[in-house]
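Reviewing the structure listed below.
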């Protein structure tokens, strides 16, 4: 008996699920279901179409989103039968909402978002019935004035967004009725002042954002009623001062930003009444003076940001009694001198004094700063620091980089027992003296790069019991002795790169028992050294080493990466040069003037995986040139002067995956050259002088059974033969990527097809292609990316490109096409079609619109010489499609060349009526103007009555329909009926069988504008048609 357990998720499905047929709600979409209801989104629609969709929804809706719609005026009980909890109407041109709109949903609606519309007033009448909403978003509208009782009745509202409007005035009692409001967003408006008692109804308010307005001062009356305010943002205004009593009653305020204003000073009374304040942001002002004890009124301050002001000094006791302060930012000011006691008695502080003009620091300037998290004195003009400036002070991170310190002992770290990081880079330090480091048990990182260090005293690093990383790069060191670094058992990485080291004792680093990475590149080292046994990565590139004697390396099972690029080895690498490197995986030998592959030196490297021999002087690859390297994955011999290969050139490299031979002078590759490379997946032969890859019977790629990608660009290939790319019904070749760009191919024939049957990407740009023969592309059933740009193609038959159901990206840029190159059946799945820089004058083919409807993206840059588009009536289908898109920006770049009156006009900005054909054009009647309404049926009800039904075909603003009935004989108006937007049928009474009528339907926008009708929306009614209907 067997028991089988399946690890499946047996979570119950949500209570409400989307309908099985997603098209039933078009143009809306059911995004997801949920326990409370569905999530439905609608885009690019109107009130008339939306009303019919909503009638189909019979379940609760958790979130309903309308965006990019055309609804200037919302009216009628459109949501009357729905239960909606969250409603968003975004970027839909709404400028008015009538009170009937929220009928019925007022009992369920909790959140209402109306951002990015055209509202110029708060729709108070509509909102007043929404007693249960907790969030209202009216941001990004055009509201200028908040009138009295604008939000009256919104008793449950907690969050109100009025940001990014044009608000200038707020009337008294504008916020009346908002007794539960917690957050008010008024940023990005034009408010200059706030009248008395404006915020009086908002006593529970905790969050207020008035940033990016036009305030010039802060009055006491502004916030006097906001006793519970916790967060206040007044940044990015024009405030130059505020009175001492402005925040006298702000007993709850914890966060205050007045950043980006015009303050010039901070006096002792400005923070009066703000005892609980935690965060204060005064950065980006014009503050020149901070009075002593300016912050004592707020003893619980944790953050003080005074960055980017005009401070020149910090008075004594400025930050006194701030025992909880953990961050003071004084960066980017003009402070040149620090007085004694400037930061006295501050604990666990991040103190930033960078980017000032600091030159002098007094004794005791940082006295009693116990356990600073970070002291940043970088980017100043400091030359010396007195030893007593940090009495009884400690820091975890000390940044003193980018100064002018010349004496390392001037850095005040000696008594910082908890220091972990010292950054003293970019100074003028010339030496590291004896006893430079006391016993520091926590220090793990020291950066002394970019100085002028010439000497390091012996064993200077010995007292650093936890050091992990030391950087001495970019200095003037010339020699490293056996005791210079000494024994540092915890050191993991040492950087001595970019010095002038020429004398390097063999045992200089041998006692670094834990080191993993050693940087010695960009020096003048000419000899190999004894390596510590734990070393994992060694950088010796850009030195002058000429040879590696036999057995230079000890037995090592830790070294994984060895970088020897840019040395002077030439052909001096011999057998045993890399012996004992038992685990080496990566070897870099680029730029070494090697002219022969060092087979003997490589023979011991059984663990090597990546071999780089680029940028040398190799000219020939002989049979088995690399010996037996059983697990090399990548071989790079690019940028050499290789002109020939032998058969079995890579014999023994059974696991090779990537072979790069680009930028050589290879003219011919003999059959069997790649024999044995059964695992190779990526071959780069670009930038050579190849004319073919086969002889009469055999292709050189046939041995590459696993090849997936081959790059043959920048060669001289003029013909793709039947055997150039391997194919066999018995061998499952995997070739999926071919780059033949920058060759001399004039034509594509069916001979290449067999070897390309699994291609996903084919690049043929910058050739001489003038023709693609029939069925070439048709048989490439997996091809997705096809680049034919920069060729000489003037015409493409449908049979040349397909039909193909796989191509998604097609590039025909810079050819000589004059006609639309494809029909909809040719490239049914194309998503990007680039036709830039051709000679098209018309892009009106219906297949274009069909492809765009399927999600394709067009690139059609135009000019008078490239694609000179004629904007006549043939562009109406495309114009209709563009006008129904959410994003039209790419089409703004497609501009007309003719007729002259539309020259340089963007086709995305023109109406259909502007695309006109001459009367004598044969296609004039093939492209009629769109009708917003189409009559669907016309049925007789009785002798004098008919029933008419219709469809609404537009996404433009539609708030109703008008049916006009006229006598045909004299065009006399007989009846006129205005029909609601949610109706699609109408019975017309009082007609006479003896009369001839014209029945015409047109649309009425939500603001009452009546549109012009079209012939397609009219129907003639005569005695004969009456008889037929009967």
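Numbering (full-length UniProt numbering), first residue to last: 1 to 1030.
Note that the Cβ used here is the ideal one computed from N, Cα and C, for glycine as well.
With a threshold of 16 other beta carbon atoms within 10 Å, residue 238 falls short and is exposed.
In this structure, the alpha-carbon of residue 672 lies about 14 Å from that of residue 724. Residue 408 has its alpha-carbon roughly 34 Å from the corresponding atom of residue 292. Counting only unbroken stretches of 4 or more residues, the alpha helix (DSSP H) elements lying wholly within the region 580-663 are 599-602, in sequence order. For residue 664, the closest alpha carbon among the candidates 620, 774, 200, 225 is that of 620. Per the C-alpha coordinates, the member of 126, 167, 733 positioned closest to residue 213 is 167.
The three-state secondary structure of residue 797, taken from DSSP, is coil.
In the DSSP annotation of this structure, the continuous segment of the beta strand (DSSP E) that includes residue 256 starts and ends at 255-257. For residue 134, there is no enclosing alpha helix (DSSP H), since its DSSP letter is neither H nor E. Beta-bridge annotation (DSSP): residue 1020 is paired with 998.
Taken through DSSP and simplified to helix, strand or coil, residue 410 comes out as helix. 8 Å or more divides the Cβ of residue 459 from the Cβ of residue 482. Beta-carbon to beta-carbon, residue 934 and residue 1017 are separated by about 6 Å, close enough to satisfy the 8 Å threshold. Rounded to the nearest angstrom, the Cβ distance from residue 191 to residue 215 is 7 Å, consistent with a contact under 8 Å. Looking at the DSSP output, residue 360 bridges to 337.
The beta carbon of residue 954 lies closer than 6 Å to those of 932 in the same chain, with the five residues before and after it left out.
For residue 949, the enclosing beta strand (DSSP E) starts and ends at 945-952. A straight-line Cα-Cα distance of about 29 Å links residue 947 and residue 70. Per DSSP, the unbroken alpha helix (DSSP H) holding residue 48 starts and ends at 47-54. The C-beta of residue 909 has fewer than 16 other C-beta atoms within 10 Å across all chains shown, which makes the residue exposed. Taking all protein chains shown into account, residue 961 has 16 or more neighbouring C-beta atoms within 10 Å of its C-beta and is therefore buried. Look at residue 694 here: in three-state DSSP terms it is strand.
Burial of residue 353 is indicated by the presence of at least 16 other C-beta atoms within 10 angstroms of its C-beta. The continuous alpha helix (DSSP H) containing residue 127 extends over residues 124-127. Burial is judged here by how many other beta carbons sit within 10 angstroms of a residue's own beta carbon; residue 402 has at least 16 and is buried.
Residue 85 counts as buried, since no fewer than 16 other beta carbons sit within 10 angstroms of its beta carbon. DSSP, reduced to helix, strand and coil, places residue 896 outside both helices and strands of the structure shown, so it counts as coil. Rounded to the nearest whole angstrom, the CA to CA distance from residue 33 to residue 150 is 35 Å. Unbroken beta strand (DSSP E) stretches of 3 residues or longer found wholly inside the region 542-578: 561-563, given in chain order. Annotated three-state conformation of residue 495 is strand, per DSSP. Distance from the CA atom of residue 186 to the CA atom of residue 140, rounded to whole angstroms, is 11 Å. Between residue 46 and residue 66, the CB-CB gap reaches or exceeds 8 Å. Two segments are said to touch when three or more pairs of C-beta atoms, one from each, lie closer than 8 Å; by this definition the region 984-991 does not touch the region 1004-1013.
The DSSP-derived three-state label of residue 809 is strand. In this structure, DSSP gives residue 751 a helical state, which the three-state scheme calls helix. By the Cβ rule, the region 963-978 counts as touching the region 993-1007, because three or more pairs are nearer than 8 Å.
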